[in-house]
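A short worksheet on the structure shown next.
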Amino acid sequence: MFEIMKRIFFVLTLFAAAFIFVCCGKLPQAELDGAKAGIELAKTAQADMYLETDFFALQDSLNATIVVMEARKSKMFANYNDVTAKLKEITEQATELVAKTETRKEEIKSELVSAQSAITALQEENHQLLGIAPKGKEGKEALDAIKADIDGISISVSEVPALIENGDLLNAQTKIKAAQEKALGINTELKTVLEKYMKKS
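Take a look at the structure:
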C-alpha cells in the first residue's frame with residue numbers, strides 16, 4: 004500500500020511539474036509577434052518621423068523585453084508572465100502611437116494653414132512697404148533684390164499645397180518655416196529702411 008502511495012505521489016509530482024512547465028515555461032511567441040506587428044504598424048503610420056522620440060522609446064522597450072526573454076530560454080522552469088504582460092503593453096502602446104501620429108499630422112496641417120495665412124499677410128505688407136520705400140540709385144538695386152526675394156517666397160509657398168496633398172508634411176513644414184523667416188526678415192529690413200528715411204526727412 005505504501006509503495007502504491009509513493010507511485011501515485013510520484014506521478015502527481017510529475018504532472019504538477021509538467022503543468023508548471025507548460026504554464027510558466029512557454030515562450031509568449033504570439034504576444035511577441037503581436038508586439039512586433041504593432042511596432043511595424045506604427046512605423047507604417049510614420050510614427051518614427053512624426054513622433055520620433057515616442058517611437059524609438061517603444062522600439063527600445065521591445066528590444067529590452069526580447070533580451071530578457073532570450074536570457075530565460077536556458078532556464079528549465081522559466082516564468083514569462085512579466086514578459087507576456089510587457090509585450091501586451093507594448094502592443095497597446097503601439098496602437099495608441101498610430102492614433103497619436105495621425106493626430107500629430109492633423110496638427111501639422113492646421114499649423115501649415117495658419118503659417119500660410121501669416122505669410123500671405125506679411126507678403127502683402129512687404130509689397131506695400133516696398134512701394135513706399137525710397138528709390139535712390141543705390142536704393143533701387145537693393146529694392147529690386149528684395150522684390151526678387153519676395154517673389155521667391157511666393158513661389159516657395161505655392162509649392163506647399165502639393166506637398167500636403169502628397170502627405171509630405173515635414174518638407175512642407177520646413178519650406179513654410181524658411182519662407183516665414185525670410186518674409187519676417189524682409190519686413191524688418193524694409194521697416195528699418197523706412198524708419199531711417201523718415202528720420203532724415
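The numbering used here applies: residue 4 is where the sequence shown begins, and numbers increase by one. Beta carbons: idealized from backbone N, C-alpha and C, even for Gly. In this text the structure is predicted, and so the values were computed from the model without any measurement.
Are residue i and residue j close, meaning C-beta to C-beta below 7 Å?
{"i": "alanine 226", "j": "isoleucine 122", "result": "Residue 226 is absent from the model: the chain starts at 4 and stops at 204."}
{"i": "alanine 102", "j": "valine 196", "result": "no"}
{"i": "leucine 133", "j": "isoleucine 179", "result": "no"}
{"i": "threonine 98", "j": "glycine 37", "result": "no"}
{"i": "glutamine 96", "j": "leucine 146", "result": "no"}
{"i": "lysine 185", "j": "isoleucine 156", "result": "yes"}
{"i": "alanine 175", "j": "valine 160", "result": "no"}
Using the C-alpha atoms, what's the distance from residue j back to residue i?
{"i": "threonine 1", "j": "leucine 54", "result": "The chain is shown from 4 up to 204; residue 1 falls before or after that span and cannot be answered."}
{"i": "arginine 107", "j": "lysine 143", "result": "45 Å"}
{"i": "alanine 52", "j": "alanine 88", "result": "It should be pointed out that residue 52 corresponds to methionine in this sequence rather than to alanine. One C-alpha to the other measures close to 28 Å."}
{"i": "glycine 41", "j": "glutamine 32", "result": "14 Å"}
{"i": "glutamate 105", "j": "glutamine 49", "result": "9 Å"}
{"i": "lysine 91", "j": "alanine 81", "result": "19 Å"}
{"i": "isoleucine 167", "j": "glycine 139", "result": "42 Å"}
{"i": "aspartate 63", "j": "leucine 187", "result": "41 Å"}
{"i": "leucine 44", "j": "glutamate 192", "result": "48 Å"}
Sorted by chain position, which residues of the same chain lie with C-beta nearer than 6 Å to residue i's C-beta, five sequence neighbours on each side aside?
{"i": "methionine 72", "result": "Val86"}
{"i": "asparagine 190", "result": "Leu125 and Asn129"}
Residue i CB to nearest chain D CB: under 7 Å?
{"i": "lysine 29", "result": "The question asks about chain D, but that chain is absent: this structure has only one protein chain."}
Can you give me the Cβ contacts of residue i inside the same chain, cut-off strictly under 8 Å, excluding the 5 residues immediately before and after it?
{"i": "aspartate 205", "result": "The displayed coordinates of the chain run from 4 to 204. Any statement about residue 205 would go beyond what the structure contains."}
{"i": "threonine 47", "result": "none"}
{"i": "lysine 29", "result": "Tyr83"}
In its own chain, which residues sit with a C-beta less than 7 Å from the C-beta of residue i, not counting the 5 before and 5 after it?
{"i": "glutamate 34", "result": "Thr87, Leu90 and Lys91"}
- request: Give, in chain order, every unbroken run of the alpha helix (DSSP H) that is at least 4 residues long and sits entirely within the segment 128-172.
  value: 140-161 and 163-168
- prompt: What are the uninterrupted segments assigned as alpha helix (DSSP H) that are 4 or more residues long and contained completely in the segment 53-105, given in chain order?
  reply: 55-75
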